[in-house]
Amino acid sequence: MASPSTRAPSASRLEQNILLRVAVYYLVLFGAAFMAWRYLPDSMLPHQTLDSLISAPSDINVIPSKKHPGGPAFSGTQATLTANVAVAMIAALLLILPIAWVYILTRHKNGYQQSVVQTLVILAPVVAGVVVMVKYSLPLAFGLAGIVAAIRFRNTLDDSKDAVYVFLATTVGLAAGVELPVAAVISLIFNALILFLWFTDFGRSPAPLEGGRGQKKIERAMAEMRRTGSFVAMLDEQIFRDMSPEQLELAADRAWRRKRRQSTDAPTADDMQRRDVMLRIQCDEAEGARPAVESAFEEYLKKWRLGGIVRDTEGGQSLEYIVQFKKSAEPDDLMNELRTQQHVLSVEVK
75 MASPSTRAPS ASRLEQNILL RVAVYYLVLF GAAFMAWRYL PDSMLPHQTL DSLISAPSDI
135 NVIPSKKHPG GPAFSGTQAT LTANVAVAMI AALLLILPIA WVYILTRHKN GYQQSVVQTL
195 VILAPVVAGV VVMVKYSLPL AFGLAGIVAA IRFRNTLDDS KDAVYVFLAT TVGLAAGVEL
255 PVAAVISLIF NALILFLWFT DFGRSPAPLE GGRGQKKIER AMAEMRRTGS FVAMLDEQIF
315 RDMSPEQLEL AADRAWRRKR RQSTDAPTAD DMQRRDVMLR IQCDEAEGAR PAVESAFEEY
375 LKKWRLGGIV RDTEGGQSLE YIVQFKKSAE PDDLMNELRT QQHVLSVEVK
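If you read the sequence shown in this note's numbering, its first letter stands for residue 75, the second for the next number, and so on.
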């Protein structure tokens, strides 16, 4: 039997890797759906078509209640309807979850509204339950349409793709209440399409900074700099304007680290606790030093990330971390501890 220690890495990998989680989730979900299709009663599976939803007469037998003569009592068919509503809502929830995960993954870098994610998860089951309920009553369907028309949605969507996701949640809910296999196909193909667009960065025109065109652009920029001296304005006009957000982020990070590397003023202890500084660790073997070095960070640092590994002119290597110290931590204590680690030659804060 596997111990908890052997199971933990797999569970942690599944939790952190959204793509792996989505793939495993679909396999488990479709496997469970296949077993349900084989062994559950046919009446428990909502599979009516749109034509039958519109044209079929009601088959609900309403039996007057003895305690309340004016109100209905549940019959056997009503119990089946209740089960159908439950199955449709649960199925819609299960099919919208991977879509919400992919939404979080693809929007993580640019940011997203938590309310949009929660709307996706809530909307699909609600639509599925309503579809199963109103398909037996035309007056009820018209009444519900009037209620929905009176609702004012005041949430502003930051991205036009968010509106597509909301429409998709409605579609998945509608399909789950009418034809479950259609809902499954919509969920799977939509996620595959979104991941393809995200992986390929489809439609973006990045800055042509490689090859002959890139070399000519840089040479033209350097010539402009020598003539006018307005280096920053030239960079913004000739280079930065055509760069993608990812390229700009990488350039800004490298520029910040180079600035800190060339700085001759050491930050004060107060600076280290209030803003980001660069922790530079010179090593004879960077990858060998990383595990021991990073294990010491939790006690002293509020946040940290590896900026990069820089090769020195003498052939050595330096680990450059962007860090912020805890208010209760003494920077000298961390540096003294790091100097005792294997492969570490020197430590400095810039």
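Built from N, CA and C at the ideal position, the CB exists for glycine as well.
The structure presented is a predicted model; accordingly, all values stated were derived computationally and were not measured.
Exposure label - residue i; buried when at least 16 CB within 10 Å
i      : result
Val238 : exposed
Gly381 : buried
Ala326 : exposed
Ile263 : exposed
Tyr113 : exposed
Ser261 : buried
Phe241 : exposed
Thr338 : exposed
Arg331 : buried
Val205 : buried
Ala329 : exposed
Thr274 : exposed
Val246 : buried
Arg334 : buried
Pro412 : According to the sequence displayed, residue 412 carries Leu and not Pro. Buried, by the Cβ-count rule.
Glu394 : buried
Leu324 : exposed
Asn265 : buried
Val397 : buried
Val176 : buried
Val190 : buried
Pro172 : buried
Val259 : exposed
Span separating the alpha-carbon of residue i from that of residue j
i      : j      : result
Ala106 : Ile355 : 52 Å
Pro341 : Val351 : 8 Å
Asp236 : Thr414 : 51 Å
Lys377 : Thr156 : 51 Å
Val252 : Phe108 : 18 Å
Ala363 : Ile383 : 12 Å
Ala174 : Gln391 : 42 Å
Leu375 : Val423 : 13 Å
Thr244 : Leu101 : 24 Å
Ile268 : Leu322 : 24 Å
Ile313 : Leu271 : 26 Å
Gly277 : Pro319 : 14 Å
Ala202 : Leu94  : 28 Å
Tyr99  : Asn158 : 23 Å
Ile178 : Ala160 : 27 Å
Ala366 : Pro405 : 17 Å
Gln416 : Lys400 : 25 Å
Ala110 : Val96  : 21 Å
Ala166 : Pro199 : 5 Å
Leu248 : Arg181 : 25 Å
Thr154 : Glu368 : 59 Å
Arg385 : Glu361 : 13 Å
Arg349 : Gln188 : 28 Å
Ser420 : Asn91  : 35 Å
Glu372 : Asp407 : 13 Å
Gln336 : Gly185 : 33 Å
Leu169 : Val256 : 11 Å
Boundaries (first-last residue) of the beta strand (DSSP E) holding residue i
i      : result
Gln356 : Val351 to Cys357
Ser420 : Val418 to Val423
Coil, strand or helix - residue i by DSSP
i      : result
Lys377 : strand
Glu394 : strand
Gly203 : helix
Phe270 : helix
Phe399 : strand
Asp406 : helix
Ile128 : Because Ile128 sits at a pLDDT of 43, beneath the cut-off of 50, its placement in the model cannot be relied upon, and the following sentence gives the value as read from the coordinates. Correct three-state label for Ile128: helix.
Terminal residues of the alpha helix (DSSP H) in which residue i lies
i      : result
Tyr113 : Ile92 to Tyr113
Phe314 : Per DSSP, Phe314 belongs to no alpha helix (DSSP H) and is neither H nor E.
Tyr239 : Ser234 to Val252
Ser369 : Ala360 to Ser369
Ala340 : Where Ala340 is concerned, there is no enclosing alpha helix (DSSP H), given that its DSSP letter is neither H nor E.
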